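**Q** Chains as they are written, first to last, in our numbering: chain A, 5 to 478; chain B, 95 to 243.
In this text, a Cβ means the ideal position worked out from N, Cα and C, and glycines have one as well.
For clarity, every value in this text was computed on a predicted model and none was experimentally measured.
1. Taking 7 Å as the CB-CB limit, is residue 231(B) close to chain A?
2. What are the start and end residues of the beta strand (DSSP E) that includes residue 199(B)?
3. How long is the line joining the alpha carbons of residue 459(A) and residue 419(A), rounded to whole angstroms?
4. Ignore the nearest five residues each way along the sequence and tell me which others in residue 192(B)'s own chain have a CB closer than 7 Å to its CB.
5. Counting only runs that start and end within the stretch 128-216 of chain B, where is the alpha helix (DSSP H) found for 4 or more residues in a row?
6. Among 31(A), 39(A) and 363(A), which has the Cα closest to the Cα of residue 451(A)?
7. Mapping the DSSP letters down to three states, classify residue 237(A) as helix, strand or coil.
8. Counting only Cβ pairs nearer than 7 Å, list the residues of chain A close to residue 214(B).
9. Starting from residue 244(A), follow the beta strand (DSSP E) in both directions and report where the run begins and ends.
10. Quick one: is residue 45(A) near chain B, going by C-beta distance under 7 Å?
11. Would you decide whether residue 106(A) is buried or exposed? Buried here means 16 or more other CB atoms lie within 10 Å of its CB.
12. Alpha carbons only, please: which of 128(A), 230(A) and 234(A) is nearest the one belonging to residue 180(A)?
13. Can you find a C-beta in chain B that's less than 7 Å from the C-beta of residue 103(A)?
14. Using the beta-carbon count (16 or more within 10 Å), is residue 161(A) buried or exposed?
15. Does any heavy atom of the ligand GTP sit closer than 6 Å to the C-beta of residue 83(A)?
16. List the residues of chain A whose Cβ lies closer than 7 Å to the Cβ of residue 209(B), in chain order.
17. Under 8 Å, with one C-beta from each stretch per pair, do the stretch 198-213 of chain A and the stretch 142-161 of chain A reach the 3-pair mark?
18. Is the distance from the Cβ of residue 373(A) to the Cβ of residue 409(A) below 7 Å?
19. Residues of chain B with CB under 9 Å from residue 480(A), in chain order?
20. Using 8 Å for Cβ pairs, my map puts residue 218(B) next to residue 183(B). What's the rounded Cβ distance?
21. To the nearest angstrom, how far is it from the Cα of residue 393(A) to the Cα of residue 113(A)?
22. Considering Cα atoms alone, identify which of 285(A), 310(A) and 349(A) is closest to residue 156(A).
23. Checking contacts by CB at 7 Å: is residue 28(A) closer than that to chain B?
24. Please list, in chain order, all residues of the same chain as residue 236(A) whose beta carbon is under 6 Å from its beta carbon, the five residues on each side excluded.
25. For residue 424(A) versus residue 445(A), is the C-beta distance shorter than 7 Å?
26. Please say whether residue 157(B) and residue 205(B) have beta carbons closer to each other than 7 Å?
27. Can you name the start and end residues of the alpha helix (DSSP H) that residue 398(A) belongs to?
28. Is the beta carbon of residue 200(A) less than 7 Å from the beta carbon of residue 316(A)?
29. Cβ of residue 412(A) within 7 Å of Cβ of residue 375(A)?
30. Based on the DSSP secondary-structure assignment, which residues constitute the bridge partners of residue 309(A)?
31. Can we say the stretch 166-182 of chain A touches the stretch 212-227 of chain A, given the rule of at least three CB pairs closer than 8 Å?
32. With 7 Å set as the bound, which would you pick, yes or no: does the beta-carbon of residue 61(A) sit closer than that to a beta-carbon of chain B?
33. Report the rounded CA-to-CA distance for residue 124(B) versus residue 135(B), giving the unit in angstroms.
34. Applying the criterion that 16 or more other CB atoms from any shown protein chain within 10 Å of the CB defines a buried residue, is residue 185(A) buried or exposed?
35. From which residue to which residue does the beta strand (DSSP E) around residue 196(A) run?
36. Does the pairing of the stretch 299-313 of chain A with the stretch 254-266 of chain A give three or more beta-carbon distances under 8 Å?
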């Protein structure tokens, strides 16, 4: 009996030790621990049962607390997303208001002065003045549309970096040459500094994007300055080049300096703002700089001027200076144009008239069609057509398909795709379909004439036109 | 464990079983609500003998059974729940019993157990029920006397 009591006492001690162990496990955060019941339904079992249920309840509470924490985090994230969406909505509304103004203003210039040009009593000087205004208004509208397209390409991830050997000194010279006259007309000075010798100025970067950023920053510096100087240049800082554009203009208030890189934002975003523009330039520049592997920032004092800085990696290219150079070609007007048998496939009559006017000196014989099917038929009937200007978006058969049909029986004709789809990939699509080149609308007459000359020269007089087994167009 | 469908089958067939056995009162037959033996005694006392762990599915099956018994009793009912063979109940199951105890068609709930474990189990249920209609008894006799007061 004594032994039995002793064993019982020892068993109870052991069970109490089990309970203590279980409590310590729970204290460590292990809520899976459970105590075994002896089945005797005694006090020890009741203690074990109570502990088991308490542990279960604690586990449930912890799980609920964890879930609540998750919900709280999700709610917080949703609130941030909601705030962002509201802010974005507000900015887009402000943007639309500004955009409406920015588009209507040049449109007013175009339509207004186009109407005035109808007056028969206008002098030649007045006519030229009005035409100049229409041109400027058109350019302004085109800039806005280009910015909009660019920002949408950036947002949709369609903008890619295209690295190429780039002479940065040459880029600086181009920027200087581009703006020098404009700055001088304002009575200001434009200075630039290229500290690296030419042999060290060749780097691997996306030339077009670098140029676009520089152009945008210098354009802004000129736009927001009425007097003083605009300085731009770069310095080499370790493995980076730091470019700068400094002006003595109106400056940016301290609380707006971060915002100016956001889309649709100008330092003065009010409806009464003084300066034209969509507020996309700096946003595009920031995106470009970041794509090039750099950073952009601004220091500015209101009323005294702004200094924009941006960096790009300094990755040198061991190439002889001068090999890579931009060629700005101006059409040689003295060249006697060859007379061509021309097909314009275009469903917009205004565009036909424009193309006809641009190519007036080149037209020997002109065909005009408004659908892809008609273009194919005309080509089949006239295998000696020299040049086709192919619109892409046409009814019945689009331009790409028409070109594919034409290439089946005529490989020599020069075909230039001309389209208002100015997005990336369009040129590649045009070339793949069989076009020789691609030009985006609005068509720049010099660019088109240069393109035609280049393509005609490339093809020479060689012809490999296949006249036999011509398939009928679908 | 039991699925809710399994648990409710016996209850759904209650009327059918009465007709099949030719008996007129439900207390003459044992019904199984999941693992718990259940019967109607003294016209309006639902007598539940709980076996094993009591989870939320088991408890929910009693909601379905409750409605049937209330129909058979033609009015509100009392509960007498024998916890002597019951296992632990989950927090969700206790919430269901809180709901059952606090229903308007439930008069009183007597929890019965003659050992310390049952007492602990009862206590966990009693603390969640707000209505003052739930008590613990050591014997069925004491419980029935209180239910009939």
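**A** The structure says:
1. Position 137 of the second chain, counted from the first residue, corresponds to residue 231(B). With 7 Å as the cut-off, residue 231(B) does not count as an interface residue toward chain A.
2. Working through the second chain from its first residue, we reach residue 199(B) at position 105. Premise fails: residue 199(B) is in no beta strand (DSSP E) and is neither H nor E.
3. Numbered from its first residue, the first chain carries residue 459(A) at position 455. Numbered from its first residue, the first chain carries residue 419(A) at position 415. In a straight line, the C-alpha of residue 459(A) is about 9 Å away from that of residue 419(A).
4. Taking the second chain and counting its residues from 1, the one referred to as residue 192(B) is at position 98. 222 and 223, listed in sequence order.
5. 150-167 and 185-196
6. The residue you call residue 451(A) lines up with position 447 of the first chain. The shortest Cα separation from residue 451(A) among 31(A), 39(A) and 363(A) belongs to 363(A).
7. Residue numbering aside, residue 237(A) sits at position 233 when the first chain is read from its first letter. Correct three-state label for residue 237(A): strand.
8. Residue numbering aside, residue 214(B) sits at position 120 when the second chain is read from its first letter. Under the 7 Å cutoff, chain A gives 50, 53 and 54.
9. Against the first chain, residue 244(A) aligns to sequence position 240. Unbroken beta strand (DSSP E) run through residue 244(A): 244-251.
10. By 1-based counting over the first chain, the position of residue 45(A) is 41. Closer than 7 Å: yes.
11. Stepping through the first chain from its first residue, residue 106(A) is reached at position 102. Residue 106(A) should be labelled buried.
12. As a working note, residue 180(A) is residue 176 in the first chain. Out of 128(A), 230(A) and 234(A), 234(A) has the C-alpha closest to the C-alpha of residue 180(A).
13. Residue mapping note: residue 103(A) aligns to position 99 of the first chain, counting from 1. Judged by the 7 Å Cβ criterion, residue 103(A) is not in contact with chain B.
14. Against the first chain, residue 161(A) aligns to sequence position 157. Exposed, by the Cβ-count rule.
15. Of the ligands one can find in the structure shown there are none, so the ligand GTP has no counterpart to examine.
16. Working through the second chain from its first residue, we reach residue 209(B) at position 115. The answer, in chain order, is 45.
17. no
18. Here residue 373(A) corresponds to residue number 369 of the first chain, with the count starting at 1. Here residue 409(A) corresponds to residue number 405 of the first chain, with the count starting at 1. No; because the gap between Cβ atoms is not below 7 Å, this pair is not in contact.
19. Here chain A comprises residues numbered 5 to 478, so residue 480(A) is not present and cannot be evaluated.
20. On the second chain, position 124 is the one that residue 218(B) refers to. On the second chain, position 89 is the one that residue 183(B) refers to. Yes, they are in contact, since the Cβ atoms of residue 218(B) and residue 183(B) sit about 7 Å apart, within 8 Å.
21. Taking the first chain and counting its residues from 1, the one referred to as residue 393(A) is at position 389. Taking the first chain and counting its residues from 1, the one referred to as residue 113(A) is at position 109. Each residue's Cα considered, the two are about 30 Å apart.
22. If you number the first chain from 1, residue 156(A) lands on position 152. When only C-alpha atoms are compared, the closest one is 285(A).
23. In the first chain, counting from the first residue as 1, residue 28(A) sits at position 24. By this cut-off, residue 28(A) is not an interface position.
24. Along the first chain, read from residue 1 onward, the residue named residue 236(A) stands at position 232. Same-chain partners within the cutoff: 196, 222 and 249.
25. What you label residue 424(A) is simply residue 420 of the first chain in a count that begins at 1. What you label residue 445(A) is simply residue 441 of the first chain in a count that begins at 1. Their beta carbons are under 7 Å apart, which means residue 424(A) touches residue 445(A) by this criterion.
26. Residue mapping note: residue 205(B) aligns to position 111 of the second chain, counting from 1. Residue mapping note: residue 157(B) aligns to position 63 of the second chain, counting from 1. No, the pair does not count as a contact, with Cβ atoms beyond the cut-off.
27. Position 394 of the first chain, counted from the first residue, corresponds to residue 398(A). Where residue 398(A) is concerned, there is no enclosing alpha helix (DSSP H), given that its DSSP letter is neither H nor E.
28. Along the first chain, one-based indexing puts residue 200(A) at 196. Along the first chain, one-based indexing puts residue 316(A) at 312. Cβ distance not < 7 Å, so residue 200(A) and residue 316(A) don't count as in contact.
29. Start at 1 with the first residue of the first chain, and residue 412(A) comes out as number 408. Start at 1 with the first residue of the first chain, and residue 375(A) comes out as number 371. Result no, Cβ atoms of residue 412(A) and residue 375(A) do not sit closer than 7 Å.
30. Sequence index remark: in the first chain, residue 309(A) carries index 305 (1-based). Note: residue 309(A) sits in a beta bridge opposite 305(A).
31. yes
32. One-based indexing of the first chain puts residue 61(A) at position 57. Answer yes: the Cβ-Cβ gap between residue 61(A) and chain B drops below 7 Å somewhere.
33. Counted from its first residue, the second chain places residue 124(B) at position 30. Counted from its first residue, the second chain places residue 135(B) at position 41. Roughly 10 Å between the two C-alpha positions.
34. Residue mapping note: residue 185(A) aligns to position 181 of the first chain, counting from 1. That one is exposed.
35. In the first chain, the residue the question calls residue 196(A) occupies position 192. Unbroken beta strand (DSSP E) run through residue 196(A): 193-197.
36. yes
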